[in-house]
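Worksheet for the structure shown next.
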Amino acid sequence: MIRIQMDSPTRASLTTDTETTEVTCAAGEQLIDAVIEHLVRRARRDGTRLIAQTDDTPPTWIAVDPTGTVTPLDQPPAPSPVATNDANTTDITPAEQPAPEAEPTVVTVPATPATPPSRPNPLITNGTTTGPAPVTSDPAGAAPQPTTTVVPTRRSLRDTTFLVPDQATEPASRGWRAALNTLGLRIPPSEAEMAERQDVSTVSQHWPGPRTVAVVNRKGGANKTPTVALLSAVLARYGGGPVLAWDNNESQGTLGWRTEQGPHAASVLDLVDSSTRLLSPTTSTADLAHFVHHQPADKYDVLRSDENDEGDHEVTAEEVDLAHQVASRFYRMIIMDSGNTARSANWRRMIDHTDQLVVPVTAMEDRAEAALLTLQTLEARGGHDAELARNAVVIVSESTDAGRGLGGDALKKARAEAQRIADGFAPLVRSVIRVPYDPALVRGVIRYDALLPGTQRAWLAAAAAVAQGF
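So in UniProt numbering, spot 178 of the sequence shown is number 178, and the numbers just go up one at a time.
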């Protein structure tokens, strides 16, 4: 048995009980092609079939023949029988062993469609016995036997369908399974890929009526702004509908600094001043381009906070109502950033409009404590606020203070602290998601494509957890 471990995108380790061989490829090439080529050469050199186990979860077993044929196995191969020296047993050397039978070269997973229980298949008819039973005579002279008349049960046309649900599963598109599928096989996806597909399906849904998400933590530097940007990006990319990221800070919020700016400097106050016109029947979606800042790559819009340098205006509850009324008319999803004051009028009115609460926290105890106090404040208010707190999604990031990178030891400590914080919040809220540290989030414009694959997967899971609350 050869165990295959993918150490990096360009290096793999092939390990047996006696040795470890390293296989590499150039940057930009497919490492799996190099590994399979190595296994084929090895099988031809030894003149025997090789069995290899991949590092997928669950693992995949493949057989490589000297002919160059690569075949997936449904289960681990049975151990070879051990030869004995009994009188009635003939020792067989490896060279004399019969060649194993060839495995099928095509693997398919047939789907067995089922007729929906609420919509019966009209081709299946149940009967009832009615009327007196007529008598028939057997030509051979046997005693007459009664027969029954079967009358078809009347079905409702509305509840009948000839269609059956599509239960086919697309073959694997990731990892070793996908690579083997390029050889003409049809191997189903791994559990990890199936979970990712489920998350994609969840965030792609469209719900009747707009939904509002509030991202809150009373401590600055808790990752609120990156959370708003990345949740908006995931929901817009997969959902395909209009999504608005709204900076509901009292003044000079940072969402506008971490996202791309349009050809104007409009903010939420400009939108409020034009709310009467924007709510008129003649207004179209295109008119919003004067007030929001589109993110071309991530497909969502940003409504910036007031950037009045004098700071002589604070957004009122009535202004939040007007802005939310406009946003709800043109957007299916509204993700709201927030300030650090839970007592402010715009913060409290944001909560009134919220359908799902998200509490971001970084791997630092003061951020976690502030998040806990935020939830406690909402719970103490009772009613809608308390319900939001109980069903909140907490997103724990391994990052620390913005602008400070993480070395090896610091990253290990951050991961341990993130796990401790996540475990603490788990019994208090509906869902807790951990996201890894990513240098792309330290500074500059936040773009989903700039994240590492593992970070993208974590934010997809976070967005799915949020969407499940709708």
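Every residue, glycine too, gets a C-beta built ideally from N, C-alpha and C.
Considering just the uninterrupted stretch of the alpha helix (DSSP H) at R468, what are its terminal residues?
Correcting the residue identity first, residue 468 is Gln in this sequence and not Arg. Taken as a continuous stretch (DSSP letters only), Q468 belongs to no alpha helix (DSSP H), as it is neither H nor E.
What does the Cβ neighbour count give for K412, buried or exposed, with the cut at 16 atoms within 10 Å?
When all chains shown are included, K412 counts as exposed.
Which residues in the same chain as P132 place their Cβ atom closer than 6 Å to its Cβ, once the five residues preceding and following it in sequence are excluded?
Because P132 sits at a pLDDT of 47, beneath the cut-off of 50, its placement in the model cannot be relied upon, and the point is left open.
N- and C-terminal bounds of the beta strand (DSSP E) containing P72
Its beta strand (DSSP E) spans residues V70 to L73.
Reduced DSSP secondary structure (H/G/I, E/B, other) of A26
The DSSP-derived three-state label of A26 is coil.
What's the call for residue 477, buried or exposed, on a 16-neighbour Cβ count within 10 Å?
Any answer about residue 477 is impossible in this case: the structure gives the chain only from 1 up to 470.
P360 versus Q198 - alpha carbon distance:
Approximately 23 Å, taken between the alpha carbons.
State yes or no: is the C-beta of I334 within less than 8 Å of the C-beta of I395?
If you check the CB distance, I334 and I395 do not come in under 8 Å.
Please determine, among V213, M336, L372 and R415, the residue with the shortest C-alpha to C-alpha distance to V429.
Out of V213, M336, L372 and R415, the CA that lies nearest to the CA of V429 is found in L372.
To the nearest angstrom, how far is the alpha carbon of R237 from that of S305?
Each residue's alpha carbon lies about 24 Å from the other.
Secondary structure, beta strand (DSSP E): runs of 3+ residues fully inside the region 273 to 346
Taking only runs of at least 3 residues, the beta strand (DSSP E) segments lying wholly in the region 273 to 346 are 293 to 295, 300 to 303 and 333 to 338.
Taking P9 as the reference, give the member of E19, T20, S431 and V35 with the closest Cα.
If you compare the alpha carbons of E19, T20, S431 and V35 with that of P9, the shortest gap goes to V35.
Buried or exposed by the 16-neighbour rule on C-beta atoms within 10 Å, applied to H293:
A buried status is given to H293, since no fewer than 16 other beta-carbon atoms sit within 10 Å of its beta-carbon.
Using CA coordinates, which residue listed in T282, S284, N248 and T285 is at the minimum distance from L269?
Of the candidates T282, S284, N248 and T285, the one whose C-alpha sits nearest the C-alpha of L269 is N248.
If distances are taken between C-alpha atoms only, which option among S251, Y437, R367 and G209 comes closest to F330?
Checked all of S251, Y437, R367 and G209; the closest Cα to F330 is G209.
Candidates V243, V315, T225 and F291: closest to T259 by CA position:
Checking every option, the nearest Cα to that of T259 belongs to T225.
Exposure label - residue 471; buried when at least 16 CB within 10 Å:
Look at the range of the chain in this structure, 1 to 470, and you will see that residue 471 is not part of it.
From the DSSP output, which residues share a beta bridge with P360?
Bridge pairing for P360: I395 [DSSP].
Please classify Q356 as buried or exposed, where buried requires at least 16 neighbouring CB atoms within 10 angstroms.
Classified as buried, Q356 has 16 or more neighbouring CB atoms from the shown chains inside 10 Å of its CB.
Which one of S267, T202, A440 and W61 has the shortest CA to CA distance from R177?
Minimum Cα distance to R177 is reached at W61.
What is the residue span of the alpha helix (DSSP H) that Q5 lies within?
In the DSSP annotation of this structure, Q5 is not part of any alpha helix (DSSP H); the continuous beta strand (DSSP E) holding it starts and ends at I2 to S8.
Please name the residue, chosen from A233, T282, T182 and S173, that lies closest to A297 on a Cα-to-Cα basis.
Closest option to A297, Cα to Cα, is A233.
I'd like the span of the beta strand (DSSP E) that includes D247, first residue to last.
Start and end: V243 to N248.
Return helix, strand or coil for L230, following the three-state DSSP convention.
Helix at L230.
N-terminal and C-terminal residue of the alpha helix (DSSP H) that S156 is part of
It is not in any alpha helix (DSSP H) - S156 carries neither H nor E in the DSSP assignment.
Which stretch, first to last residue, makes up the beta strand (DSSP E) that contains V35?
Annotation for V35: no beta strand (DSSP E) segment contains it, though the alpha helix (DSSP H) segment containing it runs L31 to D46.
What is the rounded straight-line gap between the Cα of H353 and the Cα of L244?
Cα to Cα, the separation comes out at about 14 Å.
I'd like to know whether the C-beta atoms of K3 and T15 end up nearer to each other than 8 Å.
Checking the sequence shown, residue 3 turns out to be Arg, not Lys. The answer is yes: Cβ separation under 8 Å.
Indicate whether the contact test is met: 3 or more Cβ pairs, each with one atom in the region 409 to 427 and one in the region 269 to 278, closer than 8 Å.
When Cβ pairs closer than 8 Å are counted between the two stretches, the region 409 to 427 is seen not to touch the region 269 to 278, the count staying below three.
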